[in-house]
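Numbers given in this note's numbering equal positions in the sequence shown, counted from 1, plus 43.
No residue lacks a Cβ here, since even glycine has one placed at the ideal position from N, Cα and C.
Computed from a predicted model, the values in this text were never measured in an experiment.
Worksheet: one structure, shown below.
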Amino acid sequence: MTRHLLTVHDLRVAFATEAGPARAVDGVSFTMNAGETVGLVGESGCGKSLTALSLLRLVPDGGRIAPGSRITFEEQDVLAMPERTLRALRGHRLSMIFQEPMTALNPVLTVGDQVAEVVRVHTTASAGEAWTRAVDMLAQVGIPDPAARARQYPHELSGGMRQRVMIAMALILEPALVIADEPTTALDVTIQAQILELLRDLRDRTGMALLLITHDLGVVAEMASRVLVMYAGEVVEEAPVALLFDAPGHPYTEGLLAAVPTLDSTRERLHTIPGTVPAATAWPAGCRFRDRCAHAWERCTTEPPALAQLGPAHRVRCHLVQEPERRRA
Ligand code: SF4
């Protein structure tokens, strides 16, 4: 039997709001194997970042992981472990690259100190050894003149360099799993490509698994072997990347794919999915995508679709799996 590196089972995260509980993550289950890259995609507000934060038990204030949710990482129960064990895990075996390095980095510490701090906290290395390793890691993530840069503060570096520092911090201890939450969103296109190349290179060198959270299917196509599509707090499709691009099963995935820019000159305007993600306090009855779906029929308004098997590694949450003749041309 294959032992998974990570198993997430029926993860539910809710926030108390004036309008009632917001069920922002609502029954998410998936697994990841060692060394695997999985893309977690969806529009903002679909629950993907919150799913990622839950893996590290970093749910924002007011949010609560519901009883019955299970997260197992390297055969340890993440939700049951004492805070001390969890702190030892974070940044060491399981780490995260955040969206916005300016808010994640400490503005009053040099970047070298911040990278070295990760080594000091999790290992028995001396201050001098930790500093040497930090400078070496800054070199590995492509920071020129790393010994001098290590003595600079975050505001003295460009956005791309700051993101490289974040990657250095996340990877210096060679974790088994790295979660990258929109790691290139705040960067311009050229720097985005460089950062993705760097992540791919480090992944291949260290054998780490990568959970890549993004709204950009182009990034997923380049990096991931498997994709999970989230909508309204749920996984609505899971498939190997080639299959998802060739034969998507969920109308939402089709919409996301149609919105990917191409060089095809016959396409005059980029397709967008009509409407917006509903509020987490009031998920619609039946299928949560029904108000935006061109194929919806009566059954979709009353019966919530289950995640059904469409092929050996392909799961889709849509009634069209059982009634494909309902698909409109
Ligand atoms: Fe569309 Fe119905 Fe499928 Fe939902 S269940 S995605 S509304 S066809």
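- Annotation for Cys343 indicates a beta carbon within 7 Å of some heavy atom of the ligand SF4.
- Here Pro64 carries a strand assignment [DSSP, helix/strand/coil].
- Around the beta carbon of Thr344, fewer than 16 other beta carbons lie within 10 angstroms, which makes this residue exposed.
- Distances between the C-beta of Arg333 and the heavy atoms of the ligand SF4 include at least one below 7 Å.
- With a 10 Å radius around the Cβ and a threshold of 16 neighbouring Cβ atoms, Glu281 comes out buried.
- Residue range Gly106 to Ile108 is occupied by the beta strand (DSSP E) that includes Ile108.
- If the five residues before and after Asn149 are omitted, its C-beta is found closer than 8 Å to the C-beta atoms of Gln157 and Pro197, all from its own chain and listed in chain order.
- At a Cβ-Cβ threshold of 8 Å, Ala67 and Ala57 count as neighbours.
- With a contact defined as Cβ atoms closer than 8 Å, Ala77 and Ala219 qualify at about 7 Å.
- Relative to the Cα of Arg370, the nearest Cα in the group Trp340, Pro226 and Glu265 belongs to Trp340.
- Here Asp289 is exposed. Its C-beta has fewer than 16 other C-beta atoms within 10 Å.
- DSSP places Arg194 outside both helix and strand once states are collapsed to three, so it counts as coil.
- Set against 7 Å, the gap from the CB of Cys89 to the closest heavy atom of the ligand SF4 is not smaller.
- Straight-line spacing of the CA atoms in Ser169 and Ala177 works out to 12 Å.
- Among the bridge pairs identified by DSSP, Glu281 is matched with Leu271 and Arg358.
- Put simply, the region 360-368 does not touch the region 69-87. Fewer than three CB pairs are less than 8 Å apart.
- For His293, the CB contacts under 6 Å within the same chain, skipping 5 residues up- and downstream, are Val279, Glu280, Val359 and Cys361 in chain order.
- The Cβ atoms of Val208 and Val154 sit closer than 8 Å to each other.
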